[in-house]
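Novice: The structure's right below; bear with me while I get my questions together.
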Amino acid sequence: MFSISPSARLRTSPFYQATLAEGMTHVTSYNNMLLPTGFGNPEEEYWRIINGASLWDVAVERQVQLLGPDAGRLAQILCPRDLSKCIVGQGKYVALCNHQGMLINDPILLKLADDRYWLSIADSNIWFWAEAIAAERGLNVEVSEPDVSPLAIQGPMAENVIAALFGDWVRDLKYFWFKETKIEGIPVAVARSGWSKQGGFEIYLMDGLKGTPLWNLVREAGKPWGIGPGNPNVHERIESGLLSWGGDTDNQTNPFEVRMGQYVDLDVADDVIGIQALRKIKSQGPKRHQLGIVLEGTEPAEPVFHWLDIMSNGHKIGDMTNIIWSPRLKTNIGFALVSVEAKPGDNVEVVQAGKSIIGKLQTLPFL
Ligand code: THG
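Given below as structure tokens:
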């Protein structure tokens, strides 16, 4: 249909050559980089995540590194979640908010050392934000984007692949925990994490020149489990209720609206950005909440670039923020960001291309 014009603005991943060689057919943009989203066989790619082991170039999940004596201070100021008990080797899912308590990113925070943290970010520039906050607060910390690129291995067979590569110790890793190690001389950190609910790991490559060798090592080790290329899969993640920042959120979304309240600690210090606003939002009660919506119909819906209006009794009650065919539920589903008055079980109408589709609200996840 069309091609992408190369530009140094649009950075490629260390795994770019490897994904080209695998026959990458689709990309999207994320953090000013190309994120592979398809290899020509969507059905096979989906079922490989559900039943096997799938290999994803997720180098777009850039790291914002906080390094120096005040790294821990800065991490806590940026994150409205209590980090005081976070130890080296531990990761945590965090809700970065602005001063108004609006969600500006939902990264995984990794503590590499007492004076070194990474924020493994979603699709918004946190480097500028962290740098500015550090300067304004007079902190002794260096904010940078290190040469680090995650490679995800997801699916029920992923653990066997990672154990074959690194040893059985990986089987004892707790969720979001990680360990720095080497494979054939390539420096990496291995974490139990990834944007699917089928289980899996992420290998954080720490040498951008070694993308192809690392890809090939994983490909080879995964052969007994039928590993193949894949990507953060929109069908699986919606079935599983995983949030896409920027896709399912707007600039008025607070963490309580999108099921991230469990990651907010209201008793962190008053100098944590957004905490005072978050306390107020919590006490007044959020206006919207995030539910699932199941649509009637047997034809797979076309994905769209925008939100769809959700109507009830002729009034707009919220937005459907994504819409996909669920191969396992065999129906169209998506997320609803709706008034808190709308409840699971309610019947609604969704407007797509001028036509109304009947749907029913339910709690997330779908599966
Ligand atoms: N891996 C890495 N970096 C990332 C992502 C990733 N950065 C951007 C984006 N993904 C961050 N967003 C999420 C969203 C959800 C989860 C992980 C990252 C997730 N959530 C589980 C859930 O919601 O059920 C578990 C959360 C928990 O129990 O704490 O896994 O994928 N490197």
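FYI, the numbering for the sequence shown is 966 to 1332, going by our numbering.
Where a beta carbon is used, it is the ideal one built from N, C-alpha and C, also for glycine.
Please classify Trp-1134 as buried or exposed, where buried requires at least 16 other C-beta atoms within 10 Å of its C-beta.
Specialist: By the beta-carbon neighbour count (other beta carbons within 10 angstroms, threshold 16), Trp-1134 is exposed.
Novice: How would you call Gln-1249, buried or exposed, if buried means at least 16 neighbouring beta carbons within 10 angstroms?
Specialist: exposed
Novice: Are the segment 1147-1162 and the segment 1089-1103 touching by the rule of at least three beta carbon pairs closer than 8 Å?
Specialist: no
Novice: Look up Asn-929 in the DSSP assignment and say whether it is helix, strand or coil.
Specialist: Not covered by the structure: residue 929. The range shown for the chain is 966 to 1332.
Novice: Among Arg-1027, Gln-1055 and Asn-1105, whose alpha-carbon lies nearest the alpha-carbon of Asp-1035?
Specialist: Asn-1105
Novice: Would you mind reading off the limits of the alpha helix (DSSP H) that contains Val-1126?
Specialist: Unbroken alpha helix (DSSP H) run through Val-1126: 1123-1131.
Novice: Quick check: the Cα distance between Asp-1079 and Leu-1273, rounded to an integer number of angstroms?
Specialist: So the alpha carbons of these two residues sit roughly 45 Å apart.
Novice: For the alpha helix (DSSP H) that Arg-1184 lies in, which residues bound it at each end?
Specialist: For Arg-1184, the enclosing alpha helix (DSSP H) has its first and last residue at 1176-1186.
Novice: For the candidate residues Thr-1146, Cys-1051, Gly-1132 and Thr-1214, whose alpha-carbon lies nearest to that of Tyr-1082?
Specialist: For Tyr-1082, the closest alpha carbon among the candidates Thr-1146, Cys-1051, Gly-1132 and Thr-1214 is that of Cys-1051.
Novice: Taking Ala-1156 as part of the beta strand (DSSP E), name the residues at either end of that continuous run.
Specialist: 1151-1156
Novice: Secondary structure at Ser-1248, three-state DSSP: helix, strand or coil?
Specialist: helix
Novice: For the ligand THG, I want to know if Glu-1185 counts as a neighbour, meaning its beta carbon is within less than 8 Å of at least one of the ligand's heavy atoms.
Specialist: Annotation for Glu-1185 indicates a beta carbon at 8 Å or more from all heavy atoms of the ligand THG.
Novice: Can you confirm whether the segment 1211-1231 touches the segment 1297-1304 when touching is taken to mean that 3 or more C-beta pairs between the two stretches lie within less than 8 Å?
Specialist: The segment 1297-1304, when compared against the segment 1211-1231, does touch it at the 8 Å Cβ threshold.
Novice: Less than 9 Å between the beta carbons of Met-998 and Ser-978, yes or no?
Specialist: yes
Novice: According to the neighbour-count rule (16 or more other Cβ atoms, all chains shown, within 10 Å of its Cβ), is Ala-1099 buried or exposed?
Specialist: buried
Novice: Does the distance from the C-beta atom of Gln-1028 to that of Ile-1086 stay below 9 Å?
Specialist: yes
Novice: Return yes when at least one heavy atom of the ligand THG lies under 8 Å from the C-beta of Ile-969, else no.
Specialist: No, the Cβ of Ile-969 stays beyond 8 Å of every heavy atom of the ligand THG.
Novice: In the DSSP assignment, find the unbroken beta strand (DSSP E) run with Glu-1107 in it and report its ends.
Specialist: 1107-1109
Novice: Compare the beta carbon distance of Ser-1089 and Gly-1120 with 9 Å and say whether it is the shorter of the two.
Specialist: no
Novice: Report back the beta-carbon spacing between Val-1023 and Pro-1197 to the nearest angstrom; my notes put them in contact at under 8 Å.
Specialist: 6 Å
Novice: By the DSSP assignment, the beta strand (DSSP E) with Gly-1165 in it spans what residues?
Specialist: 1165-1170
Novice: Closest to Phe-1141 by C-alpha separation, out of Gly-1165, Glu-1149, Leu-1130 and Ala-1128, would be which residue?
Specialist: Gly-1165
Novice: Hey, is Val-1023 close to the ligand MG, as in C-beta under 8 Å from one of its heavy atoms?
Specialist: Only the ligand THG can be found as ligands here, which leaves the ligand MG out of the picture.
Novice: Using CA atoms only, rank isn't needed, just tell me which of Trp-1290, Phe-1221 and Glu-1306 is closest to Leu-1061.
Specialist: Phe-1221
Novice: Taking 8 Å as the threshold, find out whether the segment 1275-1294 comes into contact with the segment 1189-1208 through three or more Cβ pairs.
Specialist: yes
Novice: Leaving out the 5 sequence neighbours to the left and right, which residues in its chain are closer than 7 Å to Arg-1253 when beta-carbon positions are compared?
Specialist: Excluding residues within five positions, the ones whose Cβ falls inside 7 Å are Glu-1222, Gly-1283, Leu-1302, Val-1303, Ser-1304 and Val-1305.
Novice: The ligand THG heavy atoms versus the CB of Phe-1004: any closer than 8 Å?
Specialist: no
Novice: Among residues of its own chain, excluding the 5 on either side of Glu-1026, which ones have a beta-carbon nearer than 6 Å to its beta-carbon?
Specialist: Taken in chain order, the residues that qualify are Ser-1085 and Pro-1115.
Novice: Below 8 Å CB to CB, which residues in the same chain sit around Ile-1258 once its five sequence neighbours on both sides are set aside?
Specialist: Excluding sequence neighbours, Ile-1258 sits near Ile-1275, Met-1285, Ile-1298, Gly-1299, Phe-1300, Ala-1301, Val-1313, Val-1315, Gly-1324, Lys-1325, Leu-1326 and Gln-1327.
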